[in-house]
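Novice: Chains as they are written, first to last, in my numbering: chain A, 1 to 319; chain B, 320 to 715. All C-beta atoms, glycine included, are put in the ideal place defined by N, C-alpha and C.
(1) Since I believe residue 611 (chain B) is in contact with residue 660 (chain B) (beta carbons under 8 Å), could you give me their beta-carbon distance rounded to a whole number of angstroms?
(2) Less than 8 Å between the beta carbons of residue 604 (chain B) and residue 620 (chain B), yes or no?
(3) What residue does the alpha helix (DSSP H) around residue 270 (chain A) start on, and which one ends it?
(4) Going by the C-beta, is residue 198 (chain A) closer than 7 Å to any heavy atom of the ligand GTP?
(5) Buried or exposed: residue 593 (chain B), going by 16 or more other Cβ atoms within 10 Å of its Cβ?
(6) When the Cβ atoms of the stretch 410 to 427 of chain B are set against those of the stretch 350 to 370 of chain B, are three or more pairs found closer than 8 Å?
(7) Cα separation between residue 64 (chain A) and residue 259 (chain A)?
(8) Give the residues from the stretch 383 to 402 of chain B that approach chain A closer than 8 Å (Cβ to any Cβ), ordered along the chain.
(9) Can you check which of these residues, A:194, A:93 and A:161, is closest to residue 234 (chain A) by C-alpha distance?
(10) State the Cα-Cα distance for the pair residue 559 (chain B) and residue 685 (chain B), rounded to the nearest angstrom.
(11) For residue 530 (chain B), does the three-state DSSP call read helix, strand or coil?
(12) List the endpoints of the continuous beta strand (DSSP E) containing residue 603 (chain B).
(13) Counting Cβ pairs closer than 8 Å, one from the stretch 325 to 336 of chain B and one from the stretch 373 to 389 of chain B, do we hit at least three?
(14) Can you tell me whether residue 597 (chain B) is buried or exposed? The criterion is at least 16 other CB atoms within 10 Å of its CB, across all chains shown.
(15) On the DSSP letters alone, give me the boundaries of the alpha helix (DSSP H) that residue 98 (chain A) sits inside.
(16) At the 8 Å Cβ level, is residue 263 (chain A) part of the contact set with chain B, yes or no?
(17) Which residues, in order along the stretch 441 to 455 of chain B, keep a beta-carbon less than 9 Å from a beta-carbon of chain A?
(18) Helix, strand or coil for residue 612 (chain B) per DSSP?
(19) If you drop the 5 nearest sequence neighbours on each side, which residues of the same chain put their C-beta closer than 8 Å to that of residue 589 (chain B)?
(20) On a Cα-Cα basis, can you pick out the residue from A:190, A:109 and A:114 that is closest to residue 145 (chain A)?
(21) Let me know the secondary structure DSSP gives residue 589 (chain B) once reduced to three states.
(22) Name the DSSP beta bridge partners of residue 685 (chain B), please?
(23) If you measure between the beta carbons of residue 520 (chain B) and residue 351 (chain B), is that distance less than 8 Å?
(24) Pair every Cβ in the stretch 377 to 388 of chain B with every Cβ in the stretch 399 to 412 of chain B, then say whether three or more of these pairs are closer than 8 Å.
(25) Roughly how many whole angstroms lie between the Cα atoms of residue 608 (chain B) and residue 451 (chain B)?
(26) Quick check on residue 331 (chain B): does DSSP put it in helix, strand or coil?
(27) Looking at the unbroken alpha helix (DSSP H) that takes in residue 361 (chain B), where does it start and where does it end?
(28) Hey, could you find the ends of the alpha helix (DSSP H) residue 44 (chain A) is sitting in?
(29) Going by DSSP in three states, residue 233 (chain A) sits in which element: helix, strand or coil?
(30) Grab me the residues of residue 712 (chain B)'s own chain with a C-beta within less than 6 Å of its C-beta, minus the 5 sequence neighbours each way, in chain order.
(31) How about the stretch 165 to 173 of chain A and the stretch 238 to 254 of chain A: do they share at least three Cβ pairs that are nearer than 8 Å?
(32) Taking 8 Å as the CB-CB limit, is residue 209 (chain A) close to chain B?
(33) Looking at C-alpha atoms only, which residue of B:407, B:571, B:467 and B:556 is the closest neighbour of residue 562 (chain B)?
(34) Any beta carbon of chain A sitting closer than 8 Å to that of residue 408 (chain B)?
(35) Give a yes or no on whether 8 Å exceeds the smallest Cβ distance from residue 94 (chain A) to chain B.
(36) In whole angstroms, give me the CA-to-CA distance for residue 86 (chain A) and residue 284 (chain A).
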């Protein structure tokens with residue numbers, strides 16, 4: 001404290017305040033230096049906040065759009081009224097449930113096909129030794145690098161016309177516009193990743209367990225589905241979810257290989273676009289439909305997350 | 320209930336021969352142990368019987384049926400694994416009943432059989448536990464229950480006790496013997512532990528380098544090993560081996576000679592050298608000379624290291640320093656001898672003692688191929704040659 005400021009009231013208070021705030025900042029800094037985890041905690045909360053805001057805000061914005069009356073282009077940050085009728089309306093104006101069913105059907109079927117076929121492949125690659133294993137695995141990897149779009153034209157032609165495949169056989173019927181035209185290519189595109197994931201997990205199951213299952217009376221395939229797969233639950237769940245979400249959100253093939261109407265096996269994207277006519281666009285209904293479309297995936301992730309955690313905590317894989 | 324027969328079974332992986340022309344013939348209800356060092360092919364042999372590995376050549380019969388190309392599930396076998404291999408995602412009940420459920424047994428019968436099996440291995444009241452809640456011994460008992468519940472014709476056990484601690488291992492050993500008596504099922508048991516092999520089995524099959532060395536009752540393997548490998552492998556501590564030159568009327572070993580009626584053994588006199596084998600308990604201190612059936616001449620040696628075991632003392636012996644003069648090489652080149660003596664014996668390290676060998680327990684082996692030439696031939700009459708004991712001597 002300076003001598004000339006001794007009798008000066010204001011000066012003294014200012015000086016005091018300054019000192020105090022400086023001390024507080026210093027103390028704060030010193031505290032953080034001593035306990036770095038406090039700094040990390042603050043940073044963690046901050047980063048988490050940013051992440052949540054950036055991921056959740058678009059969803060909130062969709063909700064705000066869905067609440068706005070039809071035709072309104074100026075969307076307030078906070079909806080003026082909460083009117084959930086848009087969520088009912090979407091099912092009345094178009095067969096939105098059917099569109100959803102179509103997409104869910106594609107996703108479920110492809111997931112089942114991929115898990116079964118990729119399990120067999122993952123078993124072979126992960127647990128057996130055979131000639132040509134590496135080249136085969138590598139070609140699978142290369143295949144997964146192909147942009148699916150490049151395969152669209154040949155597939156489109158093959159599905160639309162009776163083409164002689166490799167000059168050997170013809171597809172029994174035109175499959176364009178049927179679920180097969182979506183399920184077949186998408187199963188192929190999602191297969192390599194699933195094979196790699198399952199291969200890694202299946203390779204880690206001790207041989208003894210498979211031998212035990214075989215001696216006890218199951219076949220190799222029986223052992224795969226009864227012992228190896230249940231013990232690889234986290235891997236199966238991961239591969240399954242990735243496949244499901246990829247197919248459910250897939251646009252290109254499911255849009256182009258089917259008609260526009262729900263009854264023609266059109267996917268959910270067609271359902272959202274159906275609220276758009278030549279002269280009007282019902283943004284509120286499109287937003288509501290988009291939100292509803294998210295629900296199945298959200299439920300699945302929450303459920304499967306539980307599965308993954310339980311699979312990991314089982315911890316009985318060690319031998 | 321079945322006999323098991325292996326005819327010329329071979330298994331090779333690319334250029335490695337794991338099992339070479341294995342011939343085994345097991346009687347119904349027999350407890351047979353395959354024993355040998357790690358990597359000798361004993362587990363591979365078991366796997367070919369189980370059907371987990373297909374033999375490259377040869378045939379396998381279980382009962383009257385040829386099973387060489389049948390999958391494991393159709394062979395009427397049960398197996399207990401070294402790593403126990405319980406299914407970690409199933410409780411004890413589901414583990415034991417796995418095979419029955421696969422075969423669509425009615426629920427009542429499954430319950431009944433599981434209960435019965437659990438009783439045999441003393442696991443009552445634990446059927447709803449998960450494997451990771453059990454101790455090592457309990458897990459092993461679950462594995463055994465899982466194998467007996469199906470009433471298999473043959474039990475295969477691949478080092479089932481190897482992962483247990485020493486005390487539990489001895490307990491389980493007696494439990495397995497009790498079980499065998501109770502079930503009277505053919506058991507093929509694989510181990511590298513020769514104590515397990517000696518105590519449990521009706522017959523031991525000693526395997527080395529993928530080849531059967533000898534198959535005989537435990538004591539025959541011990542007393543009349545078919546070759547040097549069996550002699551060294553069976554018995555702990557292992558047999559002493561010393562090369563010796565054959566002279567008329569005696570064997571000249573390293574620094575000492577043993578009087579031996581070389582003419583009594585066919586073909587011995589025509590050999591130049593043989594390998595002498597003598598077990599540690601067949602070497603005596605001079606003061607206990609009377610315990611030996613056919614004491615040899617005395618040999619002077621120096622004690623080296625003592626290993627008191629409680630019930631006996633193992634004494635490592637080295638030749639006396641002045642040994643070089645016999646022209647058999649320097650002291651360092653000679654292998655020491657191991658002798659076991661009574662724990663009450665007054666003996667210290669670096670003490671010069673006189674020992675005798677029991678010539679009645681002397682084994683002679685061929686220098687080249689290690690095949691046995693004779694076992695304590697002087698005693699002759701006491702070592703009767705039982706039928707079939709030498710049936711499986713290794714080929715040269």
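Specialist: Walking through what the data contain:
(1) In fact, because the Cβ distance is near 13 Å, the residues do not count as touching under 8 Å.
(2) Going by C-beta atoms, residue 604 (chain B) is not nearer than 8 Å to residue 620 (chain B).
(3) From DSSP, the alpha helix (DSSP H) with residue 270 (chain A) extends over 268 to 273.
(4) No copy of the ligand GTP occurs in the structure displayed, which carries no ligand at all.
(5) Answer is buried; the Cβ neighbour count reaches 16.
(6) Fewer than three Cβ pairs drawn from the stretch 410 to 427 of chain B and the stretch 350 to 370 of chain B lie within less than 8 Å of each other, which leaves the two stretches out of contact.
(7) The straight-line gap from Cα to Cα measures roughly 31 Å.
(8) Result list: 390, 391, 392, 396, 397, 398, 400, 401 and 402.
(9) Minimum Cα distance to residue 234 (chain A) is reached at A:194.
(10) The straight-line gap separating the alpha-carbon atoms of residue 559 (chain B) and residue 685 (chain B) is approximately 15 Å.
(11) Residue state, collapsed to three classes: strand.
(12) 602 to 604 is the extent of the beta strand (DSSP E) around residue 603 (chain B).
(13) Yes, since at least three Cβ pairs between the stretch 325 to 336 of chain B and the stretch 373 to 389 of chain B fall closer than 8 Å, the two stretches touch.
(14) Burial check for residue 597 (chain B): the Cβ neighbour count within 10 Å reaches 16 or more, so the residue is buried.
(15) Segment 96 to 127, the alpha helix (DSSP H) holding residue 98 (chain A).
(16) So, not an interface residue.
(17) From the stretch 441 to 455 of chain B, only 449, 450 and 451 have a Cβ closer than 9 Å to chain A.
(18) Three-state DSSP puts residue 612 (chain B) in coil, outside helix and strand.
(19) Cβ neighbours of residue 589 (chain B) beyond the five flanking positions: none.
(20) Minimum Cα distance to residue 145 (chain A) is reached at A:190.
(21) Coil, per DSSP.
(22) Note: residue 685 (chain B) sits in a beta bridge opposite B:593.
(23) With respect to residue 351 (chain B), residue 520 (chain B) sits close: the two C-beta atoms are nearer than 8 Å.
(24) With the rule of 3 Cβ pairs closer than 8 Å, the stretch 377 to 388 of chain B does not count as touching the stretch 399 to 412 of chain B.
(25) Take the alpha-carbon of residue 608 (chain B) and the one of residue 451 (chain B): they are about 57 Å apart.
(26) Of the three classes helix, strand and coil, the one that applies to residue 331 (chain B) here is strand, per DSSP.
(27) For residue 361 (chain B), the enclosing alpha helix (DSSP H) covers residues 361 to 369.
(28) Taken as a continuous stretch (DSSP letters only), the alpha helix (DSSP H) holding residue 44 (chain A) covers 36 to 67.
(29) If DSSP states are grouped into helix, strand and coil, residue 233 (chain A) belongs with the helices.
(30) Only weak support is given to the placement of residue 712 (chain B): the predicted model assigns it a pLDDT of 42, under 50, and the question is left unresolved by the model.
(31) They do not touch, by the three-pair rule.
(32) The Cβ of residue 209 (chain A) sits closer than 8 Å to at least one Cβ of chain B.
(33) Residue 562 (chain B) has its Cα closest to that of B:571, out of B:407, B:571, B:467 and B:556.
(34) Answer yes: the Cβ-Cβ gap between residue 408 (chain B) and chain A drops below 8 Å somewhere.
(35) Using a Cβ-Cβ cut-off of 8 Å, residue 94 (chain A) does not count as an interface residue toward chain B, since no Cβ of chain B sits closer than that to its own.
(36) Here the alpha carbons of residue 284 (chain A) and residue 86 (chain A) stand approximately 7 Å from one another.
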